[in-house]
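**Q** All residue numbers for the first sequence refer to the working numbering, where the first residue is 399 and numbers rise by one.
Just so it is clear, CB atoms sit at the ideal spot from N, CA and C, and this is done for glycine as well.
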Amino acid sequence: MSERRKQYPFDIIEPKWQNHWDSNNTFKSLNPEDEGFDPNAPKYYALDMFPYPSGQGLHVGHPEGYTATDILCRYKRMLGFNVLHPMGWDAFGLPAEQYAIEHGIHPRETTEKNVTYFKEQLKSIGFSYDWDREINTTDPDYYKWTQWIFLKLYNSYFDKDENAATPIEKLIEKRIADLPDETEEERRNYIDSQRLAYIDEVAVNWCQELGTVLANEEVVDGKSERGGHPVERKPMRQWMLRITEYGDRLIDELDNLDWPEGIKALQRNWIGRSEGADVHFELPGTGEKITVFTTRPDTLFGATYMVLAPEHPLVDQITSEDQISAVNEYRDKVTSKSDLERTDLAKEKTGVFTGGYAVNPINGEDVPIWIADYVLMTYGTGAIMAVPAHDERDFEFAKQFEIDIKTVVQSDTGETHDESICFTGEGIAINSPLIDGLKTKDAKKTVTNWLSDNGFGNKSVNFKLRDWLFSRQRYWGEPFPIVWDKQGNHHPLSTSELPLVAPDLEDFKPTGDAKPPLSKAVDWISYKDEFIRETNTMPQWAGSCWYYLRYCDPKNSEQFISKEADNYWMNVDLYVGGTEHAVLHLLYSRFWHKVLNDLGYVSTNEPFQKLINQGMILGEDGQKMSKSRGNVINPDVVIKEYGADSLRLYEMFMGPLEQVKPWSNKGVEGVHRFLARVWRLFMENTQEGTWEITPQIVDIRPDKKQMKVLHETIKKVTTDIESMDFNTAIAQMMVFTNAFTGAEQRPLSAMKTFLTLLNPFAPHITEELYTILANNFPDKCDSSELSVSTWPNYDEKHLIEDEIEIVVQVNGKLRDKTTINKDASEQDIKDQCQNLEKIKPFIDGLTIRKIIVVPGKLVNLVAN
RNA sequence: GCUCACGUGGCGGAAUUGGUAGACGCGCUAGAUUCAGGUUCUAGUCGACGCAAGUCGGUGAAGGUUCAAGUCCUUUCGUGAGCACCA
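(1) If contact is defined by three or more beta carbon pairs under 8 Å, each pair taking one atom from either stretch, is the region 1107-1124 in contact with the region 435-450?
(2) Using the C-alpha atoms, what's the distance from Leu-551 back to Asp-527?
(3) How about Phe-425 and Met-485: are their beta carbons less than 8 Å apart?
(4) Helix, strand or coil: which one does DSSP assign to Asn-887?
(5) So what's Gln-871 in DSSP terms, helix, strand or just coil?
(6) Is there contact between the region 1187-1199 and the region 1137-1156, where contact requires at least three CB pairs shorter than 8 Å?
(7) Taking the Cβ atom as the reference point for each residue, do Arg-647 and Lys-992 lie within a distance shorter than 8 Å?
(8) Would you tell me roughly how many angstroms separate the C-alpha atoms of Ser-400 and Asn-1032, rounded to the nearest one?
(9) Which whole-angstrom value describes the C-beta separation of Val-845 and Pro-1060, a residue pair presumed to lie in contact below a C-beta threshold of 8 Å?
(10) With the cut-off set at 8 Å, would you say Val-713 and Asp-771 are in Cβ contact?
(11) Please identify the residue among Tyr-588, Val-725, Cys-1231 whose C-alpha is closest to the C-alpha of Val-1252.
(12) Would you decide whether Val-807 is buried or exposed? Buried here means 16 or more other CB atoms lie within 10 Å of its CB.
(13) Would you tell me roughly how many angstroms separate the C-alpha atoms of Asn-512 and Ser-452, rounded to the nearest one?
(14) Quick check: Leu-549 and Thr-893, are their CB atoms within less than 8 Å of each other?
(15) In the region 1101-1139, which residue ranges form an unbroken alpha helix (DSSP H) of at least 4 residues, counting only runs that do not cross its ends?
(16) May I ask you to report which of helix, strand or coil DSSP gives Ile-503?
(17) With distances taken Cα to Cα, identify the nearest neighbour of Ser-554 among Ile-1204, Val-1069, Gly-463, Ile-566.
(18) Measure the C-alpha to C-alpha separation of Phe-989 and Ile-641 and round it to an integer number of angstroms.
(19) Using only the alpha-carbon positions, how far apart do Lys-404 and Lys-1064 sit?
(20) Determine the extent of the alpha helix (DSSP H) in which Val-993 is found, giving its start and end residues.
(21) CA-CA distance, Ala-795 and Tyr-986?
(22) In whole angstroms, what is the alpha-carbon distance linking Val-1186 and Glu-1165?
(23) Shortest alpha-carbon distance to Glu-1203 belongs to which of Tyr-1048, Thr-1216, Glu-560?
(24) Quick check on Val-1252: does DSSP put it in helix, strand or coil?
(25) Is there contact between the region 780-799 and the region 701-708, where contact requires at least three CB pairs shorter than 8 Å?
(26) Between the Cα of Met-634 and the Cα atoms of Met-1105, Cys-605, Ala-1141, Lys-687, which residue gives the shortest distance?
(27) Using DSSP with H/G/I as helix, E/B as strand and the rest coil, what is Leu-470?
(28) Report the three-state DSSP secondary structure of Ala-663 (helix, strand or coil).
(29) Could you tell me the boundaries of the alpha helix (DSSP H) in which Asp-840 lies?
(30) Nearest CA to the CA of Glu-1224: which residue from Asp-951, Gly-1243, Asn-1258?
(31) Leaving aside the five residues before and after Leu-947 along the sequence, list all residues of the same chain whose C-beta is less than 6 Å from its C-beta, in chain order.
(32) On a CA-only basis, which of Trp-939, Asp-436, Asn-829 is nearest Asp-488? Give me that one, please.
(33) By the DSSP assignment, the beta strand (DSSP E) with Asp-766 in it spans what residues?
(34) Is it the case that the region 1102-1117 contacts the region 1041-1059, given that we only count it when at least three CB pairs across the two stretches are under 8 Å?
(35) Can you give, in chain order, each stretch of the alpha helix (DSSP H) that sits fully within the region 1190-1251 and has at least 4 residues?
(36) If you draw a straight line from the C-alpha of Asn-1219 to the C-alpha of Cys-471, how long is it?
This is the structure in structure tokens:
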């Protein structure tokens, strides 16, 4: 292709218009307080997931979502919307730092370089971003506010009555009123234990290779998500964010969001809410009790044993003399195994009997207590009541160790299963005096009420979601605005001390133990009056949790977002990005947003009203693109050979946005040919090899047929953009082009409208052609540029034909077609169809039972 | 194992929401233009039978509902994604 003559001069046109947009600030959007702001214009906020500026530059997956939002934004502008369409950089994080460590270059330098490259690439695709709103998470003016929000989390607690984050002062007041006599230290411990940002000693995912702890979400199959390095469990003191308090709201408030159901399901699943009951089993003679969580309190009569997690604190107390050695041996075996190995041996259940017994509160029976690693200390209470007849795991365990199995539920259909089958469904309670004959739903309620009335338990809700481990032992992240006193108490910095900038380190390598790299900055660490600074940094997610807010008011030095900007722009009308962020980023953002909303800093409860996930683009071989497979498509190369308009158009023409689909270079050529055909619809090549406008373009009225195609195209493109079916919108524009290519005379008005329709998809070529039209028909072309012109309307009257073609079926089979006047009565249609020559043989000798007429479409003669 | 998506030509994909299956593009075939290649233009392109008009079959498979099913229901097979002892 590079050898070939260019089919149209995109290499000249595209940079020309990109420079034009840049120097004219064509796509600048105004805030309410700005001069020239139109208070009557509706707003539209379309957001792309901002990229991590890696050293490799853009891949073809990036422009997929970006083109989709860009088309919508250009379209909405033409409809008169005030459009917010910003771009920025999620530039903190591991890869830059790893690169820095390996090459001895400061991550700030590589980040800057990468950002420059990314920006240049994005500009070469012709996106209509308002670059004045560009943000960078590593910019102190930005992360000042990330740190500020952290302080808000630190200085808040979750008020269960309000079901909302509340300033910590309120809790302190309440505590002083309730317990005026407690010591300063006691009170501090209590308050600190309630903060939304708190310190906890937890078993964390420590990755030796990366020298940091990782969030649960960053660990996949026992390995780090980035790099695939081994991860081990290790208890460490870490900053945590109390996201679990928001479990209910994060689930319930998904309902009103216009998100793909699959993504909502993923989030619900991740949060993992289950409703049930806590049940206390007494340990005779000790005064102690074991509390279990169950979602099936109705099966309490079928509990034939209990299981504690091997790490459960009561294990030592309940273990009988003769079982001590067996229990200890088992515990040693389990703790020496990594999480991965522990789940690996899930195929066969293991465990040992402790020798202890507890009392089942509902029937007073003694229940043997076992320990087994299929019970996790981190979920529920770390202990379960085992009902082998109605739980697969318990069933497997009971069979293995020959423990009693007692059936207490029969299925609705009345079948009673014997002990050889495990029935986990709902049904009717049996062998359970209190609830015999009750349906599972009612039985649950009855048992739960009985438990709480008698002090043996209560209704309870559990989440799979864990609190968010928020500190990292890395250099390239936001430092915590926290200092420590000599007694080991933490104190927040005042907001006036923000941003807290990390010192420039010569050596920012991980220390190899739990000490963060910042601990090497001896001068920086020591704060006044013998306080020392926190040396952990925040995870990469921090900056991306709120960037969409900053775009609304990116230069504000007084607030992270002004009330006016928040009220006007939020929330995000359309958020487009990859599924890889379905859980983490979207969950974290929603959490922060809700806290900020509770505290009155933002007016909306949810940040992203509508969400679309673009599907991954595979290589030409149908495999995931990767360097090692050598199937990576570089957008720069595509632009060089075919132009940015072709890249944009192809990305949209490949198929539905949300679908996974393979790249095809032939396909790019196809859309490129289409654009060349569009070009030649307007231009012809002269003897000298230059282009000039074709004389076929004339200022005449389109004929009826042309009018129909034109208005069909307006309609289809408009509705398809609204529903984000860009591939079919493009197909319709191809139909238009095919229809007009053969025309001797091409009516100016139709051609102008067509350029407007194509403009959001292929902005460069259309602007260029429009300029040429405007130069040749100066009194017929009104606005100076398509980007600031008005979207056309279609008129239904041009879509209707006088004669309609109707399909004639006999017994549902297509037999003939006939044309009929659009005003024909139903009876006329029926008569005409029955008398068709081709139809007669099919109904000859048969009785017509019924004639079905679908107006304007088809007639079906039912005969036998 | 569980949950959710999706199965339509040689390929990417269309199909008013139950109403002409295969729009549009790629690829392929033939013709025109060209010294030639490329480009461009025209025509054809689901399968079987047929010179043709046409007939029959056809949306992973099997049933069902309906005048009418790619579309709705039941069962089943396959592919992809997510979760994975969450009590």
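**A** Straight from the coordinates:
(1) no
(2) Numbered from 1 along the first sequence, position 129 holds the residue referred to as residue 527. Numbered from 1 along the first sequence, position 153 holds the residue referred to as residue 551. Note that residue 527 corresponds to Tyr in the displayed sequence, not to Asp. The alpha-carbon atoms of Tyr-527 and Leu-551 are separated by roughly 32 Å.
(3) Working through the first sequence from its first residue, we reach residue 425 at position 27. Working through the first sequence from its first residue, we reach residue 485 at position 87. Contact: no.
(4) Stepping through the first sequence from its first residue, residue 887 is reached at position 489. Looking at Asn-887 - three-state DSSP - the assignment turns out to be coil, as it is neither helix nor strand.
(5) What you label residue 871 is simply residue 473 of the first sequence in a count that begins at 1. Three-state DSSP puts Gln-871 in coil, outside helix and strand.
(6) yes
(7) The count along the first sequence starts at 1 and reaches residue 647 at position 249. The count along the first sequence starts at 1 and reaches residue 992 at position 594. For Arg-647 and Lys-992, yes; Cβs fall inside 8 Å.
(8) For the purposes of this step, residue 400 is taken as residue 2 along the first sequence, with counting starting at 1. For the purposes of this step, residue 1032 is taken as residue 634 along the first sequence, with counting starting at 1. For Ser-400, the pLDDT reaches just 37, beneath the cut-off of 50, and the residue's location in the model is therefore unreliable, although a value from the coordinates is still provided. In a straight line, the C-alpha of Ser-400 is about 15 Å away from that of Asn-1032.
(9) Against the first sequence, residue 845 aligns to sequence position 447. Against the first sequence, residue 1060 aligns to sequence position 662. The pair is not a contact, with the Cβ atoms about 55 Å apart (cut-off 8 Å).
(10) The count along the first sequence starts at 1 and reaches residue 713 at position 315. The count along the first sequence starts at 1 and reaches residue 771 at position 373. Taking 8 Å as the Cβ cut-off, Val-713 and Asp-771 do not qualify as a contacting pair.
(11) Counting from one through the first sequence, the residue named residue 1252 turns up at place 854. Comparing Cα positions, the closest option is Cys-1231.
(12) Taking the first sequence and counting its residues from 1, the one referred to as residue 807 is at position 409. Burial call: buried.
(13) For this step, residue 512 is matched to residue 114 along the first sequence. For this step, residue 452 is matched to residue 54 along the first sequence. Cα to Cα, Asn-512 sits roughly 6 Å from Ser-452.
(14) Here the question's residue 549 lines up with position 151 in the first sequence. Here the question's residue 893 lines up with position 495 in the first sequence. Closer than 8 Å, so yes.
(15) 1102-1120, 1124-1139
(16) Here residue 503 corresponds to residue number 105 of the first sequence, with the count starting at 1. Three-state result, Ile-503: coil.
(17) Mapped onto the first sequence, residue 554 falls at position 156. Minimum Cα distance to Ser-554 is reached at Ile-566.
(18) Taking the first sequence and counting its residues from 1, one reaches residue 989 at position 591. Taking the first sequence and counting its residues from 1, one reaches residue 641 at position 243. Using only the alpha carbons, I get a separation of about 7 Å.
(19) Counting from one through the first sequence, the residue named residue 404 turns up at place 6. Counting from one through the first sequence, the residue named residue 1064 turns up at place 666. Cα to Cα, Lys-404 sits roughly 16 Å from Lys-1064.
(20) Looking up residue 993 in the first sequence gives position 595. Looking at the DSSP string, the run of the alpha helix (DSSP H) that includes Val-993 is 982-996.
(21) Here residue 795 refers to the residue found at position 397 when the first sequence is read from its first residue. Here residue 986 refers to the residue found at position 588 when the first sequence is read from its first residue. The amino acid at residue 795 is misidentified as Ala; the sequence shows Phe. Those two C-alpha atoms are separated by around 38 Å.
(22) Counting from 1 along the first sequence, the entry for residue 1186 is found at position 788. Counting from 1 along the first sequence, the entry for residue 1165 is found at position 767. Their backbone Cα atoms lie some 11 Å apart in a straight line.
(23) Translated into the one-based positions of the first sequence, residue 1203 becomes position 805. Taking only the C-alpha atoms, the option nearest Glu-1203 is Thr-1216.
(24) Taking the first residue of the first sequence as position 1, residue 1252 is located at position 854. Three-state result, Val-1252: strand.
(25) yes
(26) One-based indexing of the first sequence puts residue 634 at position 236. Checking every option, the nearest Cα to that of Met-634 belongs to Cys-605.
(27) As a first step, residue 470 must be located in the first sequence, where it is residue number 72. Reduced to three states, the DSSP call for Leu-470 is helix.
(28) Counted from its first residue, the first sequence places residue 663 at position 265. Correct three-state label for Ala-663: helix.
(29) Taking the first sequence and counting its residues from 1, the one referred to as residue 840 is at position 442. Asp-840 -> alpha helix (DSSP H) spans 838-851.
(30) Sequence index remark: in the first sequence, residue 1224 carries index 826 (1-based). The shortest Cα separation from Glu-1224 among Asp-951, Gly-1243, Asn-1258 belongs to Asn-1258.
(31) Walking along the first sequence from the start, residue 947 turns up at place 549. If we look at Leu-947 and ignore the five residues flanking it on each side, its Cβ neighbours are Ile-959.
(32) Indexing the first sequence from 1 puts residue 488 at position 90. For the residues Trp-939, Asp-436, Asn-829, the minimum Cα distance to Asp-488 belongs to Trp-939.
(33) Mapped onto the first sequence, residue 766 falls at position 368. The question names Asp, yet the displayed sequence has Pro at residue 766. First-last of the beta strand (DSSP E) with Pro-766: 764-769.
(34) no
(35) 1224-1232, 1238-1241
(36) Reading the first sequence from its first residue, position 821 is the one you call residue 1219. Reading the first sequence from its first residue, position 73 is the one you call residue 471. Cα-Cα distance, rounded: 42 Å.
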